[in-house]
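K.L.:
Before I ask anything, let me first share the structure, which is written out below as structure tokens.
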RNA sequence: GCUCCCGUAGUCUAGUCCGGUCAAGGAUUCGGCGCCUUCGACGCCGUAACGCGGGUUCGAAUCCCGCCGGGAGCACCA
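Residue numbers (our numbering): 66 to 589.
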């Protein structure tokens, strides 16, 4: 055996692959399909092609956003890699006063998943499965590993911190059973009794001591109302459902690692072999101060422009900005399965998107915060000019841009340039007046020459045919300005590049011909 | 504080399991040059990293020990 290993190791890498391939087998011919940039994805323990079952468990409290990226794309990646299945299981146990389940998000989340190319193979709702958990709870009780505790929450917590037991822990099995039946039979009110798992009270991790399995809540659940009063805690529900649903691998964020331990502990005491776990660290985009509760508040109040508001950094907002799902996926997968928390600048995502859209995106002139400039001695033959739609790609064609003698120029291009000579890009050079540009009014400039000088080149829009444009920015701000005449032919959903501004996407609901042209800023 | 996890350039990542092919590769950012009259793209060039200290070894990013730093969890939320 070890001789064979030594022999194989002595072979150079490529030859190893060749030799492997010659031996046949499904894995040999496709060693691994690593994403283009970095990102390492290990084999899943014991995974068999076609038999992998994964699950996705979002809590329905908002649209999916960039922070959910790893959950979505990593699970999707492994489904593809092994040809498996993904179950969408809504974790809609009753929640709490602060964390309410809301039905509108079920559909929203499914839509988001579909738009991410992740159509689940099946959809489940935890709230439909509540009765299923009761016999399982009974199994744990019968194994002597659970008890009903009627201590107030504070006492329970204090005991846990101190590592001491309360009187309920030593109840007989019969007493526990009758207490449990009392819980199920409305004998206790919310907060008055819980079913707790017996672990080691001296466990070094205080968080792990005698955790709660089931509790009582009479919150009105939007799907099942007050039909159930005894609800499972997340980790118990998963200890059950990962088995019941035949999940083969649990891939989730590292915030849930303690739940692994809980699930394994329960499985061990029931003599069940459960699936292995995998985790990833938190992904943050530096510019995205994503807060689900803030987004929720602002969307509800109307402060945000729905769940596609750029400030939510939701998937739908990225799409609205012209950032393709493909780019987002590549971006997220480039981080691999690393367990470290990562904070990455949005620029990395933008670069990924730019690669994909640059070659198909036409250039257009846009001037924000416009100042009207009239040019004296303007050449009579320059009523319009022919411009290429893309500087490097003639295939994208060209268009006619109405020019002077009157123009809109951006105020920020004019300030500090009093008395200077500047170039109207692709057109002429002009001399700006010596007086600084005021806040209002017009500017009179003078034509100087046509030659292509290496002087500041400014974006311009001829006043004739200029099209009003409203740009929605990443911070939710609106910028008004003038775009060139060709924008009248823009199409909903089209991605454009405003020169010296960046990529924008025409709003899907924009009606061609209506004023102003509404676009959403994507990125530089 | 307790538990677990993680430390490779400005940022992200490959390499760590199984020490040599790593005087550390890729992506992004930044700087320079060229070219294209643009945000930018492309080409070429450049800056820049194994957290610190010991140990093992002919040889350490990789193994061992100790520090230091960062993160997550510590709910009758999910």
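The C-beta atom is built at its ideal place from N, Cα and C for all residues, glycine as well.
Given the structure is predicted, the values throughout are model-derived calculations rather than measurements.
What residue range does the beta strand (DSSP E) around residue 463 cover?
P.N.:
463 to 467
K.L.:
Taking 9 Å as the cut-off, decide whether the C-beta atoms of residue 310 and residue 147 are in contact.
P.N.:
no
K.L.:
Do residue 472 and residue 548 have their CB atoms nearer than 9 Å?
P.N.:
no
K.L.:
Could you give the first and the last residue of the continuous alpha helix (DSSP H) run that contains residue 538?
P.N.:
Looking at the DSSP string, residue 538 is not in any alpha helix (DSSP H), and its letter there is neither H nor E.
K.L.:
Just curious, the alpha helix (DSSP H) that residue 358 is in, first and last residue?
P.N.:
357 to 366
K.L.:
Quick one: grab the DSSP three-state call for residue 297.
P.N.:
strand
K.L.:
So residue 324 and residue 303 are in contact, right, with Cβ under 8 Å, and what is the actual spacing, rounded?
P.N.:
7 Å
K.L.:
At which residue ranges does the segment 398 to 422 contain complete beta strand (DSSP E) runs of 3 or more residues, listed in the order of the chain?
P.N.:
407 to 409
K.L.:
Any contact between the segment 212 to 220 and the segment 230 to 240? By contact I mean 3 or more CB pairs, one from each, below 8 Å.
P.N.:
yes
K.L.:
Could you have a look at residue 533 and say whether DSSP puts it in helix, strand or coil?
P.N.:
Judged by DSSP in its simplified three-state form, residue 533 adopts strand.
K.L.:
Would you check if the segment 512 to 527 and the segment 429 to 437 touch, i.e. whether three or more CB-CB distances between them fall below 8 Å?
P.N.:
yes
K.L.:
If you measure between the beta carbons of residue 335 and residue 205, is that distance less than 9 Å?
P.N.:
Against a cut-off of 9 Å, the Cβ pair of residue 205 and residue 335 comes out as a contact.
K.L.:
What's the C-alpha gap between residue 359 and residue 298?
P.N.:
Those two C-alpha atoms are separated by around 25 Å.
K.L.:
Closer than 8 Å is the cut-off here; do at least three beta carbon pairs connect the segment 163 to 173 with the segment 276 to 296?
P.N.:
yes
K.L.:
Taking DSSP as the reference, what is the three-state secondary structure of residue 347?
P.N.:
coil
K.L.:
Between which two residues does the alpha helix (DSSP H) containing residue 134 stretch?
P.N.:
134 to 147
K.L.:
What does residue 315 pair with, by DSSP beta-bridge criteria?
P.N.:
DSSP, once it has assigned bridges, lists 342 as partnering residue 315.
K.L.:
Any idea if residue 385 is buried or exposed, counting beta-carbon neighbours within 10 angstroms, 16 or more meaning buried?
P.N.:
Classification of residue 385: buried, given that the 10 Å Cβ count is 16 or more.
K.L.:
Given this structure, state the Cα-to-Cα distance separating residue 377 from residue 357, to the nearest angstrom.
P.N.:
8 Å
K.L.:
Please state the DSSP three-state secondary structure of residue 331.
P.N.:
Here residue 331 sits in helix by DSSP.
K.L.:
DSSP three-state label for residue 131, please.
P.N.:
helix
K.L.:
How long is the line joining the alpha carbons of residue 578 and residue 442, rounded to whole angstroms?
P.N.:
34 Å
K.L.:
Which of the three DSSP states, helix, strand or coil, is assigned to residue 163?
P.N.:
coil
K.L.:
Do the CB positions of residue 154 and residue 116 come within less than 9 Å of each other?
P.N.:
no
K.L.:
Nearest CA to the CA of residue 345: which residue from 588, 132 and 270?
P.N.:
132
K.L.:
Out of 134, 327, 107 and 314, which one is the CA nearest neighbour of residue 396?
P.N.:
The option with the nearest alpha carbon to residue 396 is 134.
K.L.:
Just the C-alpha distance for residue 427 and residue 347, rounded to the nearest angstrom, thanks.
P.N.:
37 Å
K.L.:
Classify residue 305 as buried or exposed, calling it buried when 16 or more other Cβ atoms lie within 10 Å of its own Cβ.
P.N.:
buried
K.L.:
To which residues of the same chain is residue 272 closer than 7 Å at the C-beta, ignoring the five residues directly before and after it?
P.N.:
323
K.L.:
Look at residue 540 and residue 375 and say whether their C-beta atoms are less than 9 Å apart.
P.N.:
yes
K.L.:
Measure the CB-CB distance between residue 569 and residue 313 and report whether it falls below 9 Å.
P.N.:
no
K.L.:
If you draw a straight line from the C-alpha of residue 418 to the C-alpha of residue 387, how long is it?
P.N.:
The straight-line gap from Cα to Cα measures roughly 9 Å.
K.L.:
Take residue 468 and list the residues in its own chain whose beta-carbon comes closer than 7 Å to its own, dropping the five residues that flank it on each side.
P.N.:
447, 448, 449, 450, 492 and 527
K.L.:
Among the candidates 420, 263, 398 and 327, whose CA atom is the shortest distance from the CA of residue 238?
P.N.:
Residue 263 holds the alpha-carbon nearest to the alpha-carbon of residue 238 among 420, 263, 398 and 327.
K.L.:
Could you check whether residue 137 and residue 197 sit closer than 9 Å to each other, using their CB atoms as the reference points?
P.N.:
Taking 9 Å as the cut-off, the Cβ atoms of residue 197 and residue 137 do not count as close.
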